[in-house]
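Read the structure below first, then the notes.
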């Protein structure tokens, strides 16, 4: 039997995923973003289905008839797994897997897996592992077909012993405590590094934006650094700070982790220290992908996250990036109306970067 959560693609074969999305009224972007997430993870879209409505039922989160229809469609598409574009609680996930006979998981686990594949520094690795364990703790029962397996003890002597599931839960909780202690030390080191930077009388600006908006490309264009740039979601996870020389001044520019809608709360908690770079900066440079049809919704997500970490009152400059990739039919007028004074740029071609630097200098002088 194929292990639940063992979703790594076989050699020379990608895992085929069947995607299920919320009604368009609840998620106007449809399944485009989830499709991008599974592509980043190395999976293949075997097929998809958008629900017309979502009648919340206790067993599957929808009616049993619709659940069977989805499982049948996934089987016909020869899918290896089913992915829901909303959070599944552990009980519903177990019910789905019994019905579908293949792994079923949610958007949250996809994002956690992407973060795990991208983490490189010690802090990011610890943060992702913590998020993964906190997410998996209530789902450990999925690992076992028989929850009555015992370890140690005999009937009639010292009792039946502990269930394997209980031992694993205890070990997971212990590991979570250890990770939190390690992260506390790493965060203390980061705080020390911040204090050293703050002793240097240089203003700081944090690059913020939706994932894949082009923040790292802009960082490279402005500072001449060689930050990893890929056309994938969450290409970089760790904050990176570089000096940039402007007219008569120097500033520190920090590239932060990309935001995304419906980010798993485990990752929000785990990456608080990373997002603090935005909270303690003197100003924010918000990068928006002007070529994306969902740019306004993405900008709202960025605003909501900044509000959550207490950075929404800072001086802000908006850059409408990827102007060179704007296709006909994508109206810039809405973005310009929403973000008055925004600078149209292309980090790829260099268009508008001189004007952007001038606006940054003006903010710093204020």
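Numbering (this note's numbering), first residue to last: 18 to 383. C-beta: ideal position from N, C-alpha, C; glycine also.
Sequence-distant residues of the same chain with beta carbon closer than 8 Å to residue i, five excluded per side
i	result
residue 273	223, 224, 225, 232, 256, 291, 292, 294, 295
residue 343	307, 308, 349
residue 65	35, 36, 37, 38, 48, 52
residue 68	37, 38, 39, 40, 79, 83
residue 110	121, 122, 123, 156, 159
residue 190	154
residue 196	143, 146, 147, 150
Rounded straight-line distance, which links the Cα of residue j to that of residue i
i	j	result
residue 377	residue 334	8 Å
residue 299	residue 323	14 Å
residue 301	residue 220	11 Å
residue 304	residue 75	41 Å
residue 165	residue 330	Bear in mind that a pLDDT of 36 at residue 165, under 50, signals an unreliable position, so the model cannot answer this.
residue 263	residue 118	59 Å
residue 121	residue 43	21 Å
residue 206	residue 102	37 Å
residue 151	residue 135	19 Å
residue 235	residue 137	21 Å
residue 370	residue 338	10 Å
residue 115	residue 144	32 Å
residue 107	residue 156	5 Å
residue 183	residue 325	35 Å
residue 131	residue 146	12 Å
residue 362	residue 336	7 Å
residue 241	residue 72	52 Å
residue 192	residue 269	36 Å
residue 63	residue 104	21 Å
residue 55	residue 238	29 Å
residue 208	residue 328	18 Å
residue 154	residue 95	30 Å
residue 185	residue 70	38 Å
residue 218	residue 375	20 Å
residue 261	residue 360	18 Å
residue 320	residue 312	12 Å
residue 161	residue 181	Because residue 161 sits at a pLDDT of 45, beneath the cut-off of 50, its placement in the model cannot be relied upon, and the point is left open.
residue 285	residue 356	26 Å
residue 381	residue 364	21 Å
Other residues of its chain near residue i: CB distance less than 7 Å, five sequence neighbours each side excluded
i	result
residue 392	Past the edges of the chain, shown from 18 to 383, lies residue 392, and the structure says nothing about it.
Under the three-state DSSP convention, the category residue i falls into
i	result
residue 190	helix
residue 343	coil
residue 236	helix
residue 74	coil
residue 209	helix
residue 43	coil
residue 305	strand
residue 272	strand
residue 266	strand
residue 5	Residue 5 falls outside the range modelled here, since the chain spans only 18 to 383, and no answer is possible.
residue 199	helix
residue 366	coil
residue 383	coil
residue 320	helix
residue 300	strand
residue 184	helix
residue 325	helix
residue 162	Low confidence applies here, because residue 162 scores a pLDDT of 43, under 50, leaving its location unreliable; read the following figure in that light. Residue 162 falls in the coil class under three-state DSSP.
residue 59	coil
residue 223	strand
residue 331	coil
residue 258	strand
residue 105	coil
residue 99	strand
Check: residue i C-beta below 8 Å from any heavy atom of the ligand SAM
i	result
residue 379	Although the ligand SAM was asked about, the structure shown includes no ligands whatsoever.
Contacts around residue i, its chain only, beta-carbon distance under 6 Å, and the 5 residues preceding and following it disregarded
i	result
residue 140	203
residue 277	228
residue 316	305
residue 142	136
residue 93	none
residue 271	223, 256, 258, 294
CB-CB length for residue i against residue j, believed under 8 Å
i	j	result
residue 314	residue 40	Incorrect: roughly 16 Å between the Cβ atoms, too far for contact.
residue 127	residue 99	No, residue 127 and residue 99 are not in contact; Cβ-Cβ is about 12 Å, not under 8 Å.
residue 332	residue 267	So it is not a contact: roughly 18 Å between Cβ atoms.
Can you list the beta strand (DSSP E) stretches of 3 or more residues lying completely in the stretch 113 to 153, in chain order? For the stretch 113 to 153, whole beta strand (DSSP E) runs of length 3 or above, ordered along the chain, are 121 to 123.
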